[in-house]
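Trainee: Under the numbering used here, the very last position in the sequence shown is 378; numbers go up by exactly one each time. Ideal Cβ placement from N, Cα and C applies to all residues, glycine included. For clarity, every value in this text was computed on a predicted model and none was experimentally measured.
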Amino acid sequence: MNAVYQNYLVFDFEFTTHDTIYGRPRGFFQEVIEVGAVLVLLPGFQTEWRYQTFVKPRIFPKLSEACKNITMIQQEDVNGGIPLADMLDKLAAVYKPGETGLVAWGEADREVIADNCAKYKIPCPFQWSDYIDLAVEYKKFYKHERRLSLKHAIDERGIERKGFYHLALDDAENTALLLGRMLSEGWTRS
Numbered sequence: 189m190n191a192v193y194q195n196y197l198v199f200d201f202e203f204t205t206h207d208t209i210y211g212r213p214r215g216f217f218q219e220v221i222e223v224g225a226v227l228v229l230l231p232g233f234q235t236e237w238r239y240q241t242f243v244k245p246r247i248f249p250k251l252s253e254a255c256k257n258i259t260m261i262q263q264e265d266v267n268g269g270i271p272l273a274d275m276l277d278k279l280a281a282v283y284k285p286g287e288t289g290l291v292a293w294g295e296a297d298r299e300v301i302a303d304n305c306a307k308y309k310i311p312c313p314f315q316w317s318d319y320i321d322l323a324v325e326y327k328k329f330y331k332h333e334r335r336l337s338l339k340h341a342i343d344e345r346g347i348e349r350k351g352f353y354h355l356a357l358d359d360a361e362n363t364a365l366l367l368g369r370m371l372s373e374g375w376t377r378s
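1. On the criterion of 16 or more Cβ atoms from any shown chain inside 10 Å, does Y353 qualify as buried, or is it exposed?
2. Output yes or no for whether 8 Å exceeds the beta carbon distance between I258 and I221.
3. Here's the rule I'm using: 16 or more other beta-carbon atoms within 10 Å means buried, otherwise exposed. How should D277 be labelled?
4. In this structure, how does DSSP classify D207 when only helix, strand and coil are distinguished?
5. Tell me, please, whether the segment 308 to 321 touches the segment 281 to 297 by the rule of three or more beta-carbon pairs shorter than 8 Å.
6. Nearest to T204 by CA position, among V192, A225, Q194 and D265, is which residue?
7. Going by DSSP, name the residue or residues bridged to F242.
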């Protein structure tokens, strides 16, 4: 489906993880612990809205050392975080189904949000037909054999990176920069 969107909600989620099975709680699943999002409006590709917050995991609230090392998020950050439903309400306030493209680098963000909503028994505010996996789109558009990491794609296009990788708002802003470059070079959703 080649949807032409008036705007794009570009987001990145950080979520809980364990690097080994040893020490992982029984029934463990990944929970969102941080969101970074930017709303980008066409035609000028202006960033109109930025959002970052920590989210308190409900089922497995204690962060693993691996999770803290990868994300640089500390236990105090998520302890002071907001509930997932409140975070989703903030994103839903700027999302218009069918008019807003939902953009992330990879499928993990969509999968974790959908899973968290199901496990928490809360409605998901998104229509997944609006979801754009920019990693897949980048691979197709630039005719790569395999998907690149966000870092490698940013480097390949010569875009000056903002902030640090694995910080949700920085990753969302860098993904938005890459989306802007792709749009300016003629990309349309496949």
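Mentor: To lay it out plainly:
1. exposed
2. No, these two residues do not count as a Cβ contact at 8 Å.
3. Its Cβ having fewer than 16 others within 10 Å, D277 is exposed.
4. Per DSSP, reduced to three states, the secondary structure at D207 is coil, with no helix or strand assignment.
5. A contact exists between the segment 308 to 321 and the segment 281 to 297.
6. Ranking V192, A225, Q194 and D265 by Cα distance to T204 puts D265 first.
7. E222
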